[in-house]
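Engineer: Residue numbers (this note's numbering), protein chains in the order written: chain A, 5 to 115; chain B, -3 to 110.
C-beta atoms are modelled at their ideal positions from N, C-alpha and C, and glycine is treated no differently.
What follows is the structure, encoded as structure tokens:
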């Protein structure tokens, strides 16, 4: 069955430290993967897509099909990065859309 | 002002009653979704719809029902058969563009059974 797993409920780091939020997925086809973020009192919103291969707010994520992972990384955490992060998987054909999410990881960046 | 709107923000229901949560979007998106958010469990998919007059069950559809009579609207009914309905409910919509898909979320409805 298709599944997205985020093993850490809470990740706490100091400002300036590197950050890695883990995401593993289970899907036999070709996955489309995303990271979504929810800042305090704001709506859940897209942070980045695996296909874009670009850095957003200093975050990057690489799809590793061998390890079925899509970890989110940032070399130097900032206090404003504190938020809830969700990894998401879209599967089916290109014109269908079953979008499932992991359990979420709360990132806490301490000053 | 484009976006996705959920109402009400807070909802109280007595046990044994059905209740309907509203979700409207003016983004012209084909797909719409309902998720339930519980602490420690992330977002779990209840129902989704890719086109008007069609919808599919998600992972936790039991005790819920939906309709998609208009492209803009995807209401969720929490029935008395749902054993643990107290939760935060999120609605989302998206285009269907494969890897370029982006889902837009409402602000959520917090349902409490009293």
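1. Since residue 92 of chain A and residue 8 of chain A are thought to touch, with beta carbons under 8 Å apart, how far apart are those beta carbons, to the nearest angstrom?
2. Would you kindly work out how many angstroms separate the C-alpha atoms of residue 24 of chain B and residue 67 of chain B, rounded to a whole number?
3. Around the C-beta of residue 33 of chain B, are 16 or more other C-beta atoms found within 10 angstroms, so that it is buried, or is it exposed?
4. Mind pulling the beta strand (DSSP E) runs of 3 or more residues that sit fully within the stretch 56 to 89 of chain A?
5. Starting from residue 58 of chain B, trace the beta strand (DSSP E) in both directions and tell me its first and last residue.
6. Who are the near neighbours of residue 3 of chain A in its chain, counting only those whose CB is closer than 7 Å to its CB and skipping five residues on each side?
7. Residue 44 of chain B and residue 29 of chain B look like a contact to me (Cβ under 8 Å); what is the Cβ gap, rounded to whole Å?
8. Taking the CB atoms as reference points, tell me whether residue 99 of chain B and residue 83 of chain B lie closer together than 9 Å.
9. Determine, using beta carbons only, whether residue 95 of chain B and residue 101 of chain A come nearer to each other than 9 Å.
10. If we call anything under 9 Å between Cβ atoms a contact, is residue 74 of chain B one with residue 54 of chain B?
11. So what does residue 38 of chain A bridge to, in DSSP terms?
Structural biologist: Let's see:
1. 7 Å
2. Using only the alpha carbons, I get a separation of about 7 Å.
3. buried
4. 76 to 78
5. Note, residue 58 of chain B: premise wrong, no beta strand (DSSP E); not H, not E.
6. One cannot answer for residue 3 of chain A here, as it falls past the ends of chain A, which runs 5 to 115.
7. 5 Å
8. no
9. no
10. no
11. A/53 and A/92
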